[in-house]
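Protein chains in written order, with the working numbering: chain G, 1 to 534; chain V, 535 to 1068.
Structure follows, in structure tokens:
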């Protein structure tokens, strides 16, 4: 007989369709192709990639997407049931689904009698015919049809007979999957489970679940539908979507694989989860929420001192799965409470004899608190933190003295490429350098000028590239006079490090972070090259 | 007999204790007092406000907090079971709980045999004695004790007899509430429900639930525990907390009140939810996630064109509750797909005869797309959007011409207050103004100079205050040469409006948003005063 195998759940990602309804999200054709590649690499079963009928860009996309060679995923075109007054074959939107040339298409139809009457303005009978006709037409064109029962749970609550009749119409038309949608996102977990169980029992086809997060329950509702017999889970990898978003597939995949013993991805692919989630976020130009389960920057970040102590003994003490299982990593955050022991740990790198009670440790802790009060955050700015420790330990000497910097910004003169100019004078052991730089904005100009000045003395700065630049306004209410915190991430091609600066003047804050970045690199080089002599 | 009443659930907020373990969160004593006031106004039952034993700042806080007159909430001090080698009365941490002078205290103890042995390094019997002794001592000091069974669900899975024995020790000591903690956040909903039901059945005291969101399930798990008989829900108003955060109480309160017919807050207080959530976020200096259920800026934001059409007919079509019920509001976002109909709607404000097919509408849509491509976002920048529409309709004339601006930034000279200087020359109908401004940073200096110049011609600009200033780096990877989007929120004391500017130069982006802000105000004034003549 068959071997015992983990139950397989089909992951149906709609980042490119429902996800595009999220605030601030707008994908170019190229973005969409890149996201398809990423999702295919992760190994989802279906990628719902757009609505060729409503959006001409989506039509272009499907033409381009045909050229992709996908290893795991299948593309799906999305549309709706035919118009009330046309046959399916006459309806241009339905026909565009055929011309997208995907093997599978998803269409949604109305389940809730209120929606049929008040929004669609059709009779209940007309709606049933629209569903079965459209599915049957698409099946006749050789398509596998996923039927999305919009508002299934609201409809089932309001008029269960009619809701089931709409599913029957889809099943009679030949739908391969009946996906139950909690479109408004307000259904409670136990109702989702019971509704799914009923449909699984009554219909002989595969059942899917499509949840929204308006009540904060999209992940749990998807899991309970799976407990109730659903075999397909629809959502978006990072929870992008209309209003509060769709069900977050990165969380659901990890929950099902690590907790429920089910299989959603090809063998070994779960460890790609964090990396692919971050890549998709980057393409969408949205930061992954640091608190996102499994894939967020803080998913395995420990801050309470007691937690850090325990995790150091055994990570299982405060981690429900290993960070490695989902490709993430453990971090320790600094805080007033945890701070001291973490700071001591860092200090020991320089002087292993230091203990909690050494005056030096107290001095560094006090300095960190003072800077935090000014708006600094050393969480995630390890480069600046190491410099701070060095300065307090006396293991630091400035690489240069600043005599002045001056930055001039002007409105763009027609034809000019640059809008800002910087001049800087630095000294290195009595030798002076005066340089100037132009740039897109004052910080860029300053970066260019400082780099030129330092290169004369320290050729290694040529290897430094700034890879990220973030600005956080600390007290937005003071408007243009508010303090800002600038975080700069740099790399030399091998290591990467982050530094921080705070000031009411954005240029000064950037300057502080920039100087830290260059000094961090120079110190690291000295350590590498001269440690033997020290 | 008793009237039929909605079941009452105790809301136990730990924003000030467990919430302070969230990344980037650090509360001053004043912040804590302000949050207590906000939570009391909302009407939660308990506010767990800190650990007087581990944190001296918390001790100060409790001394100050005694002076507050609270209307609905009760403060709770938090600590742990006594040390293995001391009696409860000898343990300074336990004694500090008494000296915090709250009627109720919460203490946590170990439930999971693995934690007892490997982290606490005590015997299973020692741990039971530590629990019952500590609870009994606190009860003898007149305290009502909430006992937090740390890792209850992990412990119950690993060694159910021992897990229940720890609860028995707490109950025997006199604990009023047994709170079951899913400390690592990895337990599945059905297991939470079953575990809670068992404890409710076995023990004659009130049961609480304390969930973490590591598997994206904290809200659902809390609701299922309530279904299983829990009467107290612990969490943090906005989900702040270690790693992925604690259970989000704003979501749970709204779910229980609007979906489950239970009562968490005093009558009528649910409508304060959004306002209080945003106030707490502001005190914590963290923006409320726009996708947060019920209270987020997008919780009732519609973007898909079809959704907007339907919601315009009947909001119930795509809203699970009314935004007013939780004090939030409905918004419509602009997007490629929805865009056209929204833009038409705005255009009709100026010319009611315009239709979807007018060339002017197409022209504005094309211009919006072009600007979006450059990095503009008109979602949430209604002021700039209205100016854009006016410019395309010919209903706009510049209020001034810019001849030049020039900004100089320098590193702070010792003793100087300001680091930036701006000079500006503008003309109004042939009359020129040349002004200068100093400020904290170049944008502030420019703001000051422009304001001075405009005041001469338009005294109304004196009423404008900038209330918010946000910077978003659009393409962080280009580092200091990246494009930035600046959003400025302004008010004249009556209305408020937001404007946007984009450029690779932060100063230029700010300038664009600043000019839009001033012009928006001036146009609104003209409309008010002269509409009759136009």
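Every residue, glycine too, gets a C-beta built ideally from N, C-alpha and C. Quantities reported herein were computed from a predicted structural model and do not represent experimental measurements.
How close, in whole Å, do the beta carbons of residue 147/G and residue 177/G come, if the pair is a contact with beta carbons under 8 Å? Within the first chain, the letter at position 147 stands for residue 147/G. Within the first chain, the letter at position 177 stands for residue 177/G. Between the beta-carbon of residue 147/G and that of residue 177/G there is about 7 Å, and that keeps the pair under the 8 Å contact cut.
Helix, strand or coil at residue 888/V according to DSSP, with G and I counted as helix: Locating residue 888/V in the second chain gives position 354, counting from the first residue. Residue state, collapsed to three classes: coil.
What span of residues does the alpha helix (DSSP H) with residue 222/G cover, start to end? In the first chain, counting from the first residue as 1, residue 222/G sits at position 222. Here the alpha helix (DSSP H) through residue 222/G covers 218–227.
Where in the segment 224–273 of chain G do unbroken runs of the alpha helix (DSSP H), each at least 4 residues long, occur, reported from the N-terminal end onward? The qualifying runs are 249–258.
Give the secondary structure of residue 854/V by DSSP, where H, G and I count as helix, E and B as strand, and everything else as coil. Translated into positions along the second chain, residue 854/V becomes position 320. Coil, per DSSP.
Is the separation between the beta-carbon of residue 994/V and that of residue 922/V shorter than 8 Å? Looking up residue 994/V in the second chain gives position 460. Looking up residue 922/V in the second chain gives position 388. With respect to the 8 Å criterion, residue 994/V and residue 922/V are not classified as neighbours on the basis of their beta carbons.
Distance check for residue 9/G and residue 42/G, CA to CA, integer angstroms please. Position 42 of the first chain holds residue 42/G. Position 9 of the first chain holds residue 9/G. When rounded, the distance between both Cα atoms is 15 Å.
Is residue 12/G near residue 234/G, with beta carbons less than 8 Å apart? Against the first chain, residue 12/G aligns to sequence position 12. Against the first chain, residue 234/G aligns to sequence position 234. In contact: residue 12/G and residue 234/G (Cβ atoms closer than 8 Å).
Residue 310/G and residue 653/V closer than 8 Å at C-beta: By one-based count along the first chain, residue 310/G stands at place 310. By one-based count along the second chain, residue 653/V stands at place 119. Taking 8 Å as the cut-off, the beta carbon of residue 310/G is found closer than this to the beta carbon of residue 653/V.
Looking at C-alpha atoms only, which residue of 306/G, 203/G, 473/G and 409/G is the closest neighbour of residue 509/G? By one-based count along the first chain, residue 509/G stands at place 509. Ranked by Cα distance from residue 509/G, the options 306/G, 203/G, 473/G and 409/G are led by 473/G.
Please confirm if the segment 758–775 of chain V is in contact with the segment 270–290 of chain G, defined as three or more CB-CB distances below 8 Å between the two stretches. Judged by Cβ distances under 8 Å, the segment 758–775 of chain V makes no contact with the segment 270–290 of chain G, as fewer than three pairs qualify.
Are the segment 30–42 of chain G and the segment 63–78 of chain G in contact at 8 Å, needing three or more beta carbon pairs? Touching, yes.
Count the other C-beta atoms from every protein chain shown that fall within 10 angstroms of the C-beta of residue 536/V, then say buried if there are 16 or more, exposed otherwise. Position 2 of the second chain holds residue 536/V. With a pLDDT of 47 at residue 536/V, under the threshold of 50, the predicted position of this residue should be treated as unreliable, though the coordinate-derived value follows. Answer is exposed; the Cβ neighbour count stays below 16.
Quick one: which chain G residues come within Cβ less than 8 Å of residue 722/V? Locating residue 722/V in the second chain gives position 188, where the first residue counts as 1. Ordered by position in chain G, the residues that pass the 8 Å Cβ test against residue 722/V are 223, 255, 259 and 260.
Anything in chain G within Cβ reach of residue 616/V, meaning under 7 Å, just list it in chain order. The residue you call residue 616/V lines up with position 82 of the second chain. Neighbours of residue 616/V on chain G: none; closest Cβ ~15 Å, over 7 Å.
When DSSP labels each residue in this structure, what does residue 972/V get in the three-state scheme? On the second chain, position 438 is the one that residue 972/V refers to. If DSSP states are grouped into helix, strand and coil, residue 972/V belongs with the strands.
Amino acids of chain V, ordered along the chain, whose beta-carbon sits closer than 7 Å to that of residue 220/G: What you label residue 220/G is simply residue 220 of the first chain in a count that begins at 1. Neighbours of residue 220/G on chain V, chain order: 723, 751 and 754.
I want to verify the contact list: residues of chain V whose CB lies under 9 Å from the CB of residue 407/G, in sequence order. Position 407 of the first chain, counted from the start, is the residue given in the question as residue 407/G. Correct list: 941, 942, 943, 944, 954 and 976.
Identify which residue in 432/G, 151/G, 287/G and 333/G has its Cα closest to the Cα of residue 540/G. No information on residue 540/G is available, as it lies outside the stretch 1 to 534 that chain G covers here.
Considering residue 72/G, what are the terminal residues of the alpha helix (DSSP H) in which it resides? Translated into positions along the first chain, residue 72/G becomes position 72. Counting along the chain, no alpha helix (DSSP H) covers residue 72/G, and no H or E run does either.
Residue 250/G and residue 294/G: beta carbons closer than 8 Å? In the first chain, the residue the question calls residue 250/G occupies position 250. In the first chain, the residue the question calls residue 294/G occupies position 294. Yes, Cβ-Cβ distance for residue 250/G and residue 294/G is below 8 Å.
Measure the CB-CB distance between residue 782/V and residue 245/G and report whether it falls below 8 Å. By one-based count along the second chain, residue 782/V stands at place 248. By one-based count along the first chain, residue 245/G stands at place 245. In this structure, residue 245/G does not lie closer than 8 Å to residue 782/V by Cβ.
Please tell me whether residue 704/V and residue 763/V are closer than 8 Å, where the distance is taken between their beta carbons. Locating residue 704/V in the second chain gives position 170, where the first residue counts as 1. Locating residue 763/V in the second chain gives position 229, where the first residue counts as 1. 8 Å or more divides the Cβ of residue 704/V from the Cβ of residue 763/V.
Cα-Cα separation between residue 137/G and residue 91/G, rounded to whole angstroms: Here residue 137/G is taken as the residue at index 137 of the first chain, counted from 1. Here residue 91/G is taken as the residue at index 91 of the first chain, counted from 1. Residue 137/G and residue 91/G have their alpha carbons spaced roughly 11 Å apart.
In whole angstroms, give me the CA-to-CA distance for residue 332/G and residue 648/V. Along the first chain, read from residue 1 onward, the residue named residue 332/G stands at position 332. Along the second chain, read from residue 1 onward, the residue named residue 648/V stands at position 114. Residue 332/G and residue 648/V: Cα-Cα distance of roughly 22 Å.
Should residue 1051/V and residue 1022/V be called a contact, given that it needs their Cβ atoms to be closer than 8 Å? Along the second chain, one-based indexing puts residue 1051/V at 517. Along the second chain, one-based indexing puts residue 1022/V at 488. The answer is yes: Cβ separation under 8 Å.
Three-state secondary structure (DSSP) of residue 112/G: Within the first chain, residue 112/G is the residue found at index 112, counting from 1. The answer is coil: DSSP assigns residue 112/G none of H, G, I, E or B.
Give the secondary structure of residue 363/G by DSSP, where H, G and I count as helix, E and B as strand, and everything else as coil. Sequence index remark: in the first chain, residue 363/G carries index 363 (1-based). Residue 363/G falls in the helix class under three-state DSSP.
Taking DSSP's pairing of strands, which residues face residue 497/G in a bridge? Here residue 497/G corresponds to residue number 497 of the first chain, with the count starting at 1. In the DSSP output, where bridge partners are listed per residue, residue 497/G has 490/G.
Straight-line CA distance for residue 854/V to residue 185/G? In the second chain, counting from the first residue as 1, residue 854/V sits at position 320. In the first chain, counting from the first residue as 1, residue 185/G sits at position 185. Cα to Cα, the separation comes out at about 7 Å.
Are the segment 970–983 of chain V and the segment 1026–1036 of chain V in contact at 8 Å, needing three or more beta carbon pairs? Here the segment 970–983 of chain V does not lie against the segment 1026–1036 of chain V, with fewer than 3 beta-carbon pairs under 8 Å apart.
Report all residues from its chain with a CB closer than 6 Å to the CB of residue 130/G; omit the five preceding and five following residues, and keep chain order. On the first chain, position 130 is the one that residue 130/G refers to. Excluding residues within five positions, the ones whose Cβ falls inside 6 Å are 81 and 82.
If residue 786/V sits next to residue 753/V, beta carbons under 8 Å apart, how far is it from one beta carbon to the other, in whole angstroms? Locating residue 786/V in the second chain gives position 252, counting from the first residue. Locating residue 753/V in the second chain gives position 219, counting from the first residue. At roughly 6 Å, the Cβ-Cβ gap stays under 8 Å, so residue 786/V and residue 753/V are in contact.
At least one CB of chain V closer than 8 Å to the CB of residue 511/G: is that the case? The sequence position of residue 511/G within the first chain is 511, counting from 1. So yes, residue 511/G belongs to the interface.
Rounding to the nearest angstrom, what Cα-Cα distance links residue 273/G and residue 262/G in this structure? To locate residue 273/G, count along the first chain from 1; it is residue 273. To locate residue 262/G, count along the first chain from 1; it is residue 262. A straight line joining the alpha-carbon of residue 273/G with that of residue 262/G spans about 16 Å.
Against chain G, with Cβ distances strictly below 8 Å, would residue 966/V count as a contact? Sequence index remark: in the second chain, residue 966/V carries index 432 (1-based). No, because no Cβ of chain G sits closer than 8 Å to the Cβ of residue 966/V.
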